[in-house]
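Notes to accompany the following structure.
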Amino acid sequence: MQMRTNIKDMRDNIDALNGLFHFLRNKKHIKKHVYENLDAIDDFVKNAEILITKKEEQDKILTDLSLRHELVSELLAAKVQNKGVMMFHETLNGDYMEFANADDTLANEAEIFLQMQNIEKELGIIAACPELYQKNIIAVGGGFSAGKSEFISSFMGSGVKLPISIEPTTAIPAYVMNAPKEYLLGYSKNGGAIDLRKIDKNFHARLNHDFMKGFKFNLKEILPFIVLGTKLKFKNICFIDTPGYNPSGNIANYGADIDTAKEFLEEAGVFLWLVGLDSTGTMPSGDLEFLSSLDLDNKKLYVLINKADLRAPSDLEAITETVRQNLDNYSINYEGIQTFSSVRTLENPCIVGKSLEEFLTECDTPSQKHVEIFNKLKNIYQAYKGAIEGSIKEKKSIQKTLQSVSIDMLEDGLDDMGSKAYTKLGELKSTFGTKKEEENLKLLKAAMDKFKEAVKAVFGLEDVPIDFDKVEKIVDFKKIDSENVNDNIKNFFENLYISMSNPKRGRMENMINDVSNGFDPEDLECKENQNSQHDRSIVTAKDIM
Numbered sequence: 015m016q017m018r019t020n021i022k023d024m025r026d027n028i029d030a031l032n033g034l035f036h037f038l039r040n041k042k043h044i045k046k047h048v049y050e051n052l053d054a055i056d057d058f059v060k061n062a063e064i065l066i067t068k069k070e071e072q073d074k075i076l077t078d079l080s081l082r083h084e085l086v087s088e089l090l091a092a093k094v095q096n097k098g099v100m101m102f103h104e105t106l107n108g109d110y111m112e113f114a115n116a117d118d119t120l121a122n123e124a125e126i127f128l129q130m131q132n133i134e135k136e137l138g139i140i141a142a143c144p145e146l147y148q149k150n151i152i153a154v155g156g157g158f159s160a161g162k163s164e165f166i167s168s169f170m171g172s173g174v175k176l177p178i179s180i181e182p183t184t185a186i187p188a189y190v191m192n193a194p195k196e197y198l199l200g201y202s203k204n205g206g207a208i209d210l211r212k213i214d215k216n217f218h219a220r221l222n223h224d225f226m227k228g229f230k231f232n233l234k235e236i237l238p239f240i241v242l243g244t245k246l247k248f249k250n251i252c253f254i255d256t257p258g259y260n261p262s263g264n265i266a267n268y269g270a271d272i273d274t275a276k277e278f279l280e281e282a283g284v285f286l287w288l289v290g291l292d293s294t295g296t297m298p299s300g301d302l303e304f305l306s307s308l309d310l311d312n313k314k315l316y317v318l319i320n321k322a323d324l325r326a327p328s329d330l331e332a333i334t335e336t337v338r339q340n341l342d343n344y345s346i347n348y349e350g351i352q353t354f355s356s357v358r359t360l361e362n363p364c365i366v367g368k369s370l371e372e373f374l375t376e377c378d379t380p381s382q383k384h385v386e387i388f389n390k391l392k393n394i395y396q397a398y399k400g401a402i403e404g405s406i407k408e409k410k411s412i413q414k415t416l417q418s419v420s421i422d423m424l425e426d427g428l429d430d431m432g433s434k435a436y437t438k439l440g441e442l443k444s445t446f447g448t449k450k451e452e453e454n455l456k457l458l459k460a461a462m463d464k465f466k467e468a469v470k471a472v473f474g475l476e477d478v479p480i481d482f483d484k485v486e487k488i489v490d491f492k493k494i495d496s497e498n499v500n501d502n503i504k505n506f507f508e509n510l511y512i513s514m515s516n517p518k519r520g521r522m523e524n525m526i527n528d529v530s531n532g533f534d535p536e537d538l539e540c541k542e543n544q545n546s547q548h549d550r551s552i553v554t555a556k557d558i559m
């Protein structure tokens, strides 16, 4: 029995040895088969990765298409909600256009219309973002890759940052201001506003040139600008991040960027110009020529030599001096020049004139947007009025000359009023009639009155006297009210003076002079005190008589 068991074990061992021998004899074939399977698996993995990449690309395309569709739909559906903005828009496209089409006296009418559109845009932002009401707007400009977005982001206290890249990123101008809560608003061409974060939480990072290419049209035609509210170091400053005025050569069909940059830079009363030291060792001639093309009258310019951390400290002083000389050679006025880095603090920055901190601190004060806008409208009104009145004066001068010719002809015995000469003179007089200009002047005043009411409605102003016919610049409504009170009292005294006897006029002259010197309504507790001042003056006048 034991022997059978041993024999079985021996046979099993022999079978195992035969199997091992067979395996060893065919291992090359098995190895080849295994390698073939491994190659197939590797090909499968590679194909799977390609498919996954394609799917991700398709998902991105689908997501972008969905975002583009939703963005366009929201923008086209956005309606102006503010009554004042609606009134301004209707007046601009109604009464004003009727006047502008009838009038041909102003040479730069197209420029004036752009100014009116900019005012409408300002009112739209203020209506949707009341925080902008007291902000000083500073436009940040410069060439491609000067570091404008990164510069603005360096003042942000939250996690939100403007997108930056070695490629052009700022395609849509962005207003960036301090706000208690973060928000991102997009503004349509008709003045409506939409919440971009409802479409995508990081929408501001998507608004670059690559994203815009997918629209097959210029997105800025329906989305001219966005507003980003976030925590900002300077509470009363609103930065405008503008596109580079000289887009890089690999960006096609974006020549409009220079027009956009120029529009927003000229709109602001204060702007910072950034020079990037990574692309140049000084201020490029293109920057100087672009700045020279801007209207810098009554505006503040500060020049920042950015990315100074990329240069040796010993080079910065010479670079700063070269920039100063270039600006002086082009007769470009500036508040100051400073070397700067958005990524690290420079220990001893080179400074000419005011420091950046000093300049921004001066700008960090509440502004009076309503006063600024009223003065813009007033300047436009005065320009039109001056041109129309100039045309009226010129035509009346010609009419006077023609009338003089008629009289000379009569004196010379040419008294046939039905002759061709007199007929031609009559036609000439009609040609140089001023009825059209006088009607246009009425249309202008009517349109401006509506514009004034629209602006008042946006800012919630009531019973505020605004006189565009006065030459003086509008400064403060309280001061205007004080002047009106003084004028009323002075007129009362002067009328009273006329009716008085000579002996009593001496004391009255002194009172008129006192009123002419003015009084401050803030010295009085309320409006009733101003009225009582008027009443007391009457009593005093009666006593004199």
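Residue numbering for the sequence shown follows my numbering, starting at 15 and increasing by one per position. Ideal Cβ placement from N, Cα and C applies to all residues, glycine included. Quantities reported herein were computed from a predicted structural model and do not represent experimental measurements.
The three-state secondary structure of asparagine 347, taken from DSSP, is coil. Of the residues Asn150, Leu89, Ile55, Met462, the one whose Cα lies closest to the Cα of lysine 212 is Leu89.
Residue environment for methionine 111: exposed (fewer than 16 other C-beta atoms within 10 angstroms of its C-beta).
Looking at the DSSP output, phenylalanine 285 sits in a beta bridge with Ala153, Leu315. Between lysine 321 and glycine 350, the C-beta spacing is not below 7 Å. C-alpha of proline 298 to C-alpha of alanine 326: approximately 20 Å in a straight line. Inter-segment contact for the segment 249–260 and the segment 97–113 is absent: fewer than three beta-carbon pairs are separated by less than 8 Å. In the structure shown, the three-state DSSP call for cysteine 377 is helix. The alpha-carbon of isoleucine 365 is positioned some 50 Å away from that of aspartate 73.
Following the DSSP letters along the chain, one finds methionine 191 inside the beta strand (DSSP E) bounded by residues 188–192. A check of alpha carbon separations from aspartate 301 across Leu310, Lys313, Trp287, Asn312 identifies Trp287 as the nearest.
Around the beta carbon of proline 479, a 10 Å sphere encloses fewer than 16 other beta carbons of the protein chains shown; the residue is thus reported as exposed.
If you look at valine 241, you'll find it in the beta strand (DSSP E) that goes 239–244.
Per the coordinates, the alpha-carbon of glutamate 277 lies some 44 Å from the alpha-carbon of lysine 414.
A buried status is given to lysine 162, since no fewer than 16 other beta-carbon atoms sit within 10 Å of its beta-carbon. The count of Cβ pairs closer than 8 Å, one atom from the segment 432–451 and one from the segment 366–385, stays below three, leaving the stretches out of contact. Counting along the chain, the unbroken alpha helix (DSSP H) around phenylalanine 113 starts and ends at 109–116. Rounded to the nearest angstrom, the gap between the Cα atoms of valine 284 and phenylalanine 304 is 16 Å.
Between leucine 146 and methionine 191 the beta-carbon gap is near 6 Å, inside 8 Å, which marks them as a contact. In terms of Cβ geometry, isoleucine 151 and lysine 203 do not form a close pair [threshold 7 Å]. A residue is called buried when at least 16 other Cβ atoms come within 10 angstroms of its Cβ; leucine 424 does not meet this threshold and is exposed. Distances from the alpha-carbon of lysine 230 to those of Ile272, Arg220, Arg82 put Arg82 closest. Residue state for glutamine 129 is assigned as helix, using DSSP reduced to three classes.
In terms of CA proximity to phenylalanine 465, Gln131 leads the group Lys69, Lys60, Gln131. As the crow flies, the alpha-carbon of aspartate 57 is around 10 Å from that of glutamate 63.
Around the beta carbon of glutamine 352, a 10 Å sphere encloses 16 or more other beta carbons of the protein chains shown; the residue is thus reported as buried.
Rounded to whole angstroms, alanine 142 and isoleucine 75 show a C-alpha spacing of 32 Å. Relative to leucine 279, the option among Lys249, Lys313, Leu246 whose CA is nearest is Lys313. Aspartate 483 sits exposed, since fewer than 16 C-beta atoms from the chains shown fall within 10 Å of its C-beta. Leaving aside the five residues that flank phenylalanine 373 on each side, the residues in its chain whose CB is nearer than 6 Å to its CB run, in chain order, Tyr316, Glu349, Gly350. In the DSSP secondary-structure assignment, alanine 207 is bridged to Tyr201.
The alpha-carbon separation between threonine 67 and arginine 220 amounts to approximately 20 Å.
For valine 469, the uninterrupted alpha helix (DSSP H) run begins and ends at 449–473, by DSSP. Take the alpha-carbon of leucine 370 and the one of lysine 459: they are about 43 Å apart. Residue pairing by DSSP places asparagine 362 opposite no residue, since no beta bridge is assigned to it. According to the DSSP secondary-structure assignment, phenylalanine 253 is paired through a beta bridge with Ile152, Val190.
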